[in-house]
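In this note's numbering, the protein residues as written are 2 to 443.
Don't be surprised by glycine CBs; every beta carbon is placed ideally from N, CA and C.
Report on the following structure.
See the structure below:
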């Protein structure tokens, strides 16, 4: 039994534990996640998304083996134990190719699954919920399940051929949009128990072939909509009463839990409630890169106060200029006049700016910012103004006033909410530390 299966089994046996998943490729976010996992004594599940990492490189430029090696190198740099690191693949299916015909999209999806599993990704989210160009919309559950089973068969064969532990699977048809909704104005409907039961039954039938029965035994979770999501400027908070019937339904099912996507920006109390109510796998992505962006912008503002304009990185301006020069990753998502669009590019909860940190001009500006504030350490008075939580940690000696340490600390405060919710499910609103103690010097 893998570490993931053990955690899910412990949850089903009544222990108040869960599993948080960091869906990200940002180096500082991943380094912060490793520090949090160490401090909170949890395993660390890091997931790559299908449009982020694929056989062609995705938007990160990394294939699954390259992403695996990248994460392992970061773990080695932090002395983070490899045995506590779990890799997962999110939204694996025809997602990136859904504008094309179904057969071509599924051909790419088959290669995608094979590449992920061969690279050692253990937790596989089979997501065939989207309609391709020649599909009906919405896609019938039976088609979703049949395509998912087809991909599971490839995953099973690939793991066996490479001598790897067999994967664990997440299924589902009511899958929230990756990266948050464009708008929550129309409200948000919680998945009904009847819909969840239908999805489960149809997938069970699709996996009933003898060669897929072992894979079905390793289906650990189903994606549903518990009533949590976010758009560019608002968050739909978890309501335990609204999700009560759905929570009761999964309690009657053997072995599985629910996986909650788009839990970004929920309160820590909400995260604890989700785990308690059997939404035991919590996914976080944009909230982590949003915290990174907040920290970097705060440092850029400190830099402006410390140094002459000619010596500053101009990072905020460089990032926005790059987004304007290459608008493909945000233009179809943000609406408004020039002023509104500028605010959304910088501050939207959807954080479309996360696609631009790898651009050479932005990387160069960030390097200049880090170098400037390494040579000119931010004083406490400016930390108090722009990074007050980090100022407290610096004052107590728990944190160095160094730019990368400050960034990782801010990201870590967000991720630690997830770790605490999954590690012991005891909410202490007065605990400002990562877990039992504040982040110590590394």
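Span separating the alpha-carbon of residue 43 from that of residue 276: 15 Å
First through last residue of the beta strand (DSSP E) which encompasses residue 259: 258-261
Beta-carbon contacts of residue 241 that lie in its chain and below 7 Å, excluding the five residues immediately before and after: 274 and 278
Where residue 327 falls, given that 16 or more other Cβ within 10 Å makes a residue buried: exposed
Beta bridge counterpart(s) of residue 193 as assigned by DSSP: DSSP, once it has assigned bridges, lists no residue as partnering residue 193.
Buried or exposed (CB count within 10 angstroms, at least 16 for buried), residue 20: buried
Three-way DSSP call (helix, strand, coil) for residue 182 in this model: Its pLDDT being 48, under 50, residue 182 is placed unreliably in this model, and the coordinates cannot settle the point.
C-alpha gap between residue 80 and residue 25, whole angstroms: 20 Å
Under 8 Å between C-beta atoms of residue 232 and residue 350: yes
Contact set for residue 316: own chain, Cβ-Cβ below 7 Å, skip 5 residues either direction: 297, 301, 366, 367 and 370
Option nearest residue 256 by Cα separation, candidates 161, 5 and 13: 13
Beta strand (DSSP E) segment containing residue 90, residue limits: 86-93
Cα-Cα separation, residue 364 to residue 144: 43 Å
Completely contained beta strand (DSSP E) runs for the stretch 78-166, where each covers 3 or more residues: 86-93 and 124-127
Integer Cβ distance of residue 157 from residue 166, believed to fall under 8 Å: Wrong, their Cβ atoms sit about 12 Å apart, outside the cutoff.
Neighbour flag for residue 277 against chain D, beta carbons, 8 Å: Absent here is chain D; the protein component of the structure consists of one chain.
Beta-carbon proximity of residue 207 to residue 119, cut-off 8 Å: no
Candidates 67, 234 and 246: closest to residue 191 by CA position: 246
The beta strand (DSSP E) enclosing residue 20, as first and last residue numbers: 20-24
Same chain, Cβ closer than 6 Å to residue 182, five either side skipped, listed in chain order: Residue placement at residue 182 is poorly supported in this model, since its pLDDT is 48, which falls under 50; the coordinates are not used for a value here.
Backbone secondary structure at residue 233 - three-state DSSP: coil
Residue 188 to residue 396 span [Cα, whole Å]: 44 Å
Contact check, residue 52 vs residue 97, beta carbons under 8 Å: yes
Unbroken beta strand (DSSP E) run spanning residue 1, endpoints: Nothing can be reported for residue 1: it is not among the residues displayed for the chain, which extend from 2 to 443.
Continuous alpha helix (DSSP H) assignments of at least 4 residues falling wholly in the stretch 327-413: 339-348, 361-376, 381-387 and 389-396
Span of the beta strand (DSSP E) around residue 64: Careful: residue 64 lies outside any beta strand (DSSP E) and carries neither H nor E.
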